[in-house]
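For what it's worth, the numbering used here labels the leading residue of the sequence shown as 116, then goes sequentially.
The C-beta atom is built at its ideal place from N, Cα and C for all residues, glycine as well.
Just so we're clear, the structure is a prediction, and the values are computed from it rather than from any experiment.
For reference, the structure is listed below as structure tokens.
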Amino acid sequence: GGPGNAIVQVLGITLPFTTVRAWHTILQIYWFFMCWVGYTIFFLPRLAPVPRGQQLLINLLFFLCVVVGAGALFGIYLGHRGLLSDTISYWFGSQGWEFMELGRFWQILMLCSFVLWIAIIFRGVRRWITRQSLWSVPAWLFYGSGIMVLFLFFGLFVTPRSNFAISDYWRWMVVHMWVEVTFEVFTTCIVGYMLVQMGLFNRAMAERVIFLAVMMFLVTAVVGISHNFYWIAKPSGIIALGSVFSTMQVLPLLLITLDAWRMRREKLRAKQHQGAGKQTLVMEGVWLFILAVNFWNI
Numbered sequence: 116g117g118p119g120n121a122i123v124q125v126l127g128i129t130l131p132f133t134t135v136r137a138w139h140t141i142l143q144i145y146w147f148f149m150c151w152v153g154y155t156i157f158f159l160p161r162l163a164p165v166p167r168g169q170q171l172l173i174n175l176l177f178f179l180c181v182v183v184g185a186g187a188l189f190g191i192y193l194g195h196r197g198l199l200s201d202t203i204s205y206w207f208g209s210q211g212w213e214f215m216e217l218g219r220f221w222q223i224l225m226l227c228s229f230v231l232w233i234a235i236i237f238r239g240v241r242r243w244i245t246r247q248s249l250w251s252v253p254a255w256l257f258y259g260s261g262i263m264v265l266f267l268f269f270g271l272f273v274t275p276r277s278n279f280a281i282s283d284y285w286r287w288m289v290v291h292m293w294v295e296v297t298f299e300v301f302t303t304c305i306v307g308y309m310l311v312q313m314g315l316f317n318r319a320m321a322e323r324v325i326f327l328a329v330m331m332f333l334v335t336a337v338v339g340i341s342h343n344f345y346w347i348a349k350p351s352g353i354i355a356l357g358s359v360f361s362t363m364q365v366l367p368l369l370l371i372t373l374d375a376w377r378m379r380r381e382k383l384r385a386k387q388h389q390g391a392g393k394q395t396l397v398m399e400g401v402w403l404f405i406l407a408v409n410f411w412n413i
């Protein structure tokens with residue numbers, strides 16, 4: 116079709132469908148990762164003074180991200196084309212699992228990058244992790260990031276010697292527990308902090324909503340993913356129950372956005388005072404982005 120012909124004209128080569136599909140699934144996950152890294156690194160200086168050596172760690176993280184991204188893309192292509200032996204393809208080419216296509220070496224290196232990212236966050240929010248502010252929004256940013264990275268390590272249970280059903284279970288759990296559960300906790304932390312910085316949300320209220328998100332995570336996590344069980348012919352009642360619980364996972368994020376919407380409407384009523392220098396509305400694009408995040412989740 117049109118896109119396929121365009122790729123051939125630009126690159127001068129014909130790419131296998133399996134390679135392009137693997138790139139698509141890997142790059143969308145990697146794009147999420149880079150967005151999280153960019154957000155946290157951008158906001159950390161607003162939480163506390165930059166620790167000594169932080170820039171070196173950030174530069175190292177950037178280098179690892181580039182190496183993992185390039186290595187995964189080239190490795191998947193070489194592995195799918197049969198240009199690598201079985202052992203080398205497993206470590207540096209493609210493991211052959213959906214959403215976990217990258218070679219084992221690149222997977223481990225990516226996990227090391229995640230751990231380094233968590234270390235950078237911890238150095239930035241360490242002053243907030245005290246007995247008095249143990250559950251503050253900056254501390255929850257660290258907790259949410261740590262939970263999300265922890266679930267990625269389940270992918271290491273997938274090995275060539277494991278039973279297929281067990282390996283596919285861990286692969287599936289990595290994808291769905293990560294995307295459908297820990298994403299919500301981390302996103303609620305991010306959006307809550309952004310709304311606090313924009314003056315549209317109370318810090319204490321943001322902390323309560325994050326508590327709610329974590330409780331929803333504990334209650335709805337395993338049951339919520341059962342809305343995917345149609346492909347293993349589970350009863351309709353199980354699928355319906357999973358659909359209800361998975362919908363509940365986005366409620367905390369929706370609630371804080373609705374409250375911020377109400378606060379923003381109150382501020383818009385004072386717009387006529389802008390000329391007198393009494394009221395200034397900023398970050399219009401950020402607000403629209405937050406609305407888009409909620410629409411995407413729903």
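Thinking C-beta only, is Phe298 closer than 9 Å to Met263? yes
Count the other CB atoms within 10 Å of the CB of Met149; is the residue buried (16 or more) or exposed (fewer)? exposed
Give the list of continuous alpha helix (DSSP H) stretches no shorter than 4 residues that lie fully inside the region 271–345. 279–292, 298–312 and 318–339
With which residues is Met363 paired in a DSSP beta bridge? Per DSSP, none; premise fails for Met363.
Whole angstroms is fine: what's the gap from Phe269's alpha carbon to Gly208's? 20 Å
Can you list, in chain order, the stretches of the alpha helix (DSSP H) that have 4 or more residues and sit fully within the region 163–246? 169–195 and 219–240
Taking the continuous alpha helix (DSSP H) assigned at Ser260, which residues delimit it? Val252 to Leu267
Given a cut-off of 9 Å on the beta-carbon distance, is the pair Gln169 and Arg238 in contact? yes
How about Gly357: is its Cβ closer than 8 Å to a heavy atom in the ligand ZN? The ligand ZN is not part of the structure shown, which contains no ligands of any sort.
Look at the alpha carbon of Pro160 and the alpha carbon of Tyr154, and state the distance between them as a whole number of angstroms. Answer to the nearest angstrom: the Cα atoms are 11 Å apart.
Work out the CA separation of Gln143 and Leu199 for me, nearest whole Å. 25 Å
Do the region 277–290 and the region 307–319 touch if we need at least three Cβ pairs shorter than 8 Å? no
Whole-angstrom distance between Thr134 and Tyr192, CA atom to CA atom: The alpha-carbon of Tyr192 is positioned some 6 Å away from that of Thr134.
Per-residue burial, Trp221 [other beta carbons within 10 Å of its own, 16 or more giving buried]: buried
Would a C-beta distance cut-off of 9 Å place Val240 and Leu256 closer than the cut-off? yes
Helix or strand or just coil, what does DSSP make of Ser248? Three-state DSSP puts Ser248 in coil, outside helix and strand.
Using a Cβ-Cβ cut-off of 6 Å (strictly less than) and excluding sequence neighbours within five positions of Ser204, which residues of its own chain qualify? Gly194
Once DSSP output is grouped into helix, strand and coil, what is the label at Leu130? Coil at Leu130, not helix or strand.
Buried/exposed call for Tyr345, threshold 16 Cβ in 10 Å: Exposed, by the Cβ-count rule.
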